[in-house]
Amino acid sequence: MPFHCQFRPPSGAVEEPQVSDMLLFSGRANEPLGRAVAAALGIAPGRCLIENFPDGEVRVQVEEDVQGRDIYLLQPTCPPVAARLLELLLIADGCRKAGARRLTGIVPYYGYARQDRRSRSGEPLAARLLADLLCTRLDRLVLTDLHNPAIEGFFAVAVEQLSAVPLLAEGLRPGLSAAHILVAPDQGAVKLAQGYADRLGLDIAYVHKERQSGTRVAIRRLIGEVAGRKPVIVDDMISTGGTVASTIEMLLAKGCRPEVILVASHALLVGQAAERLAGLPVRRLITTDSLPQPLSRPFSVEVLSLAPLLAETVTRLHRGAP
Ligand code: R5P
Numbered sequence: 006m007p008f009h010c011q012f013r014p015p016s017g018a019v020e021e022p023q024v025s026d027m028l029l030f031s032g033r034a035n036e037p038l039g040r041a042v043a044a045a046l047g048i049a050p051g052r053c054l055i056e057n058f059p060d061g062e063v064r065v066q067v068e069e070d071v072q073g074r075d076i077y078l079l080q081p082t083c084p085p086v087a088a089r090l091l092e093l094l095l096i097a098d099g100c101r102k103a104g105a106r107r108l109t110g111i112v113p114y115y116g117y118a119r120q121d122r123r124s125r126s127g128e129p130l131a132a133r134l135l136a137d138l139l140c141t142r143l144d145r146l147v148l149t150d151l152h153n154p155a156i157e158g159f160f161a162v163a164v165e166q167l168s169a170v171p172l173l174a175e176g177l178r179p180g181l182s183a184a185h186i187l188v189a190p191d192q193g194a195v196k197l198a199q200g201y202a203d204r205l206g207l208d209i210a211y212v213h214k215e216r217q218s219g220t221r222v223a224i225r226r227l228i229g230e231v232a233g234r235k236p237v238i239v240d241d242m243i244s245t246g247g248t249v250a251s252t253i254e255m256l257l258a259k260g261c262r263p264e265v266i267l268v269a270s271h272a273l274l275v276g277q278a279a280e281r282l283a284g285l286p287v288r289r290l291i292t293t294d295s296l297p298q299p300l301s302r303p304f305s306v307e308v309l310s311l312a313p314l315l316a317e318t319v320t321r322l323h324r325g326a327p
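In this note's numbering, the protein residues as written are 6 to 327.
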C-alpha cells in the first residue's frame with residue numbers, strides 16, 4: 006500500500022508567517038499609495054467599504070475575514086486631519102471587533118506633530134493626544150520622518166520610524182555639484198540636513214527662524230557662507246510655504262544664486278503655497294507620496310514613492326524580523 010510522507014514542523018516549532026495571513030487596508034487619504042504598497046507585497050488591497058452618511062459621519066464596513074490575521078492599515082493623517090484620523094480609527098475598530106490578531110497603523114505623514122510641546126499654559130499637547138487616540142485601537146505604528154523623532158515617546162505601543170532621506174537624497178543626487186549647499190530652514194531641520202550631507206557630501210548652512218503665526222515666520226540670521234552657491238533647502242514638511250519663502254528671501258539677500266531646489270518628505274502645500282513658491286526662483290521640488298500629490302503644480306515636482314520602503318517594512322514586521 007503506497008504511503009505519503011508529509012513534512013510537519015516538529016511540535017513547538019514556530020511556523021514562518023505567510024503573506025496569506027496578512028491583509029493591508031487603505032483609508033481614503035492616499036489610496037494610490039495603498040494600492041502601490043499592496044502591489045509591491047504581491048497582494049490585493051483588503052476590501053473595505055468607506056462612505057459618508059448624509060450628515061457627514063463616516064460609515065466603514067470591513068469586507069474581509071480578518072479573524073486571527075495580521076492587519077496593516079495605511080492612512081496618512083493629512084488634511085482634513087480629524088476626518089482622516091477618525092477614518093483610520095474606525096477601520097481599526099472594525100478589524101479589532103472582527104477578531105484581527107494584530108493591527109499596525111502605517112501613517113506615512115503624522116498630522117499635529119508640530120504641536121509637540123506646550124509653550125504656554127492652556128495649550129494642549131496635540132501630538133501626544135493623537136498618539137493616545139491611535140494607541141486605543143492600534144498595536145503598532147509605522148511612521149515616516151516625524152517632525153520630531155522624540156514624538157515616538159508619546160506612544161504606548163511599538164513604533165517603527167522610517168526615513169525618506171535615503172530615497173530623497175538619491176533623487177537629488179543627479180545634477181548636484183560643489184556649488185550646491187544644503188540649507189536647514191530652522192534649527193529643527195539641522196539634523197535632517199546632516200543626514201543629506203552625510204550621503205551627498207555637501208556643506209550645510211542654516212537659518213534661525215521664529216514662527217510668528219501659522220502663516221508668518223521671521224528669519225533672524227543665516228549661519229554659513231552662501232554667496233554664489235546654489236541652495237538646496239531641506240525640511241521635513243512644507244505646509245504654507247512661509248518657511249521656505251522667507252528662507253529664500255534671506256538667501257537671495259546674502260548673494261546665493263537664484264536656482265533653488267526644495268526637498269521635503271511631506272509636501273502639503275496648503276492654500277496658495279504652490280503659487281507662492283512659483284513666484285520664487287524654485288527650480289525643483291523633490292518629495293514623496295506620503296500624502297497625495299496633484300498631477301500638476303506650477304513648477305517642477307518630482308514625487309518619489311515610499312511604496313517599496315513601506316512594503317519592505319511590512320514584510321519585515323510580518324515575519325517578526327528585527
Ligand atoms: C516646522 O518646524 C517644520 O519643520 C516646517 O519648517 C514648517 O512646518 C513648514 O511650514 P510652513 O510651510 O507653513 O512654513
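C-beta atoms are modelled at their ideal positions from N, C-alpha and C, and glycine is treated no differently.
Any idea which residues DSSP pairs residue i with across the strands?
{"i": "G110", "result": "L78 and L146"}
{"i": "A250", "result": "Paired residues: none, contrary to the question."}
{"i": "N57", "result": "V63"}
{"i": "A255", "result": "Strictly speaking, residue 255 in this sequence is Met, with Ala absent from that position. DSSP, once it has assigned bridges, lists no residue as partnering M255."}
{"i": "F30", "result": "L78"}
{"i": "K235", "result": "H185"}
{"i": "D208", "result": "I186"}
{"i": "V268", "result": "V239 and I291"}
{"i": "A136", "result": "Answer by DSSP bridge pairing: none, since A136 is not bridged."}
{"i": "Q166", "result": "L148"}
{"i": "I228", "result": "Y211"}
Between the alpha carbons of residue i and residue j, how many angstroms are there, rounded?
{"i": "A223", "j": "G246", "result": "13 Å"}
{"i": "L322", "j": "A312", "result": "15 Å"}
{"i": "A316", "j": "L78", "result": "12 Å"}
{"i": "G284", "j": "E254", "result": "12 Å"}
{"i": "L93", "j": "F58", "result": "17 Å"}
{"i": "D121", "j": "A161", "result": "16 Å"}
{"i": "R225", "j": "Q199", "result": "21 Å"}
{"i": "G32", "j": "L314", "result": "19 Å"}
{"i": "R89", "j": "A34", "result": "6 Å"}
{"i": "L151", "j": "A118", "result": "7 Å"}
{"i": "R204", "j": "G99", "result": "43 Å"}
{"i": "A97", "j": "I209", "result": "42 Å"}
{"i": "I266", "j": "R289", "result": "5 Å"}
{"i": "S218", "j": "L177", "result": "31 Å"}
{"i": "R281", "j": "E264", "result": "16 Å"}
{"i": "V268", "j": "A279", "result": "14 Å"}
{"i": "L108", "j": "E157", "result": "18 Å"}
{"i": "V249", "j": "E68", "result": "44 Å"}
{"i": "A43", "j": "K196", "result": "32 Å"}
{"i": "G61", "j": "L54", "result": "15 Å"}
So, using beta-carbon positions, are residue i and residue j closer together than 9 Å?
{"i": "Y211", "j": "P190", "result": "yes"}
{"i": "T82", "j": "V112", "result": "yes"}
{"i": "A184", "j": "R262", "result": "yes"}
{"i": "G260", "j": "G229", "result": "no"}
{"i": "A105", "j": "D75", "result": "yes"}
{"i": "V231", "j": "P84", "result": "no"}
Is the CB of residue i under 9 Å away from at least one CB in chain B?
{"i": "I238", "result": "Judged by its chain identifiers, the structure shown contains no chain B, having just a single protein chain."}
Are there three or more Cβ pairs, one per stretch, closer than 8 Å when the stretch 205 to 221 is compared with the stretch 298 to 308?
no
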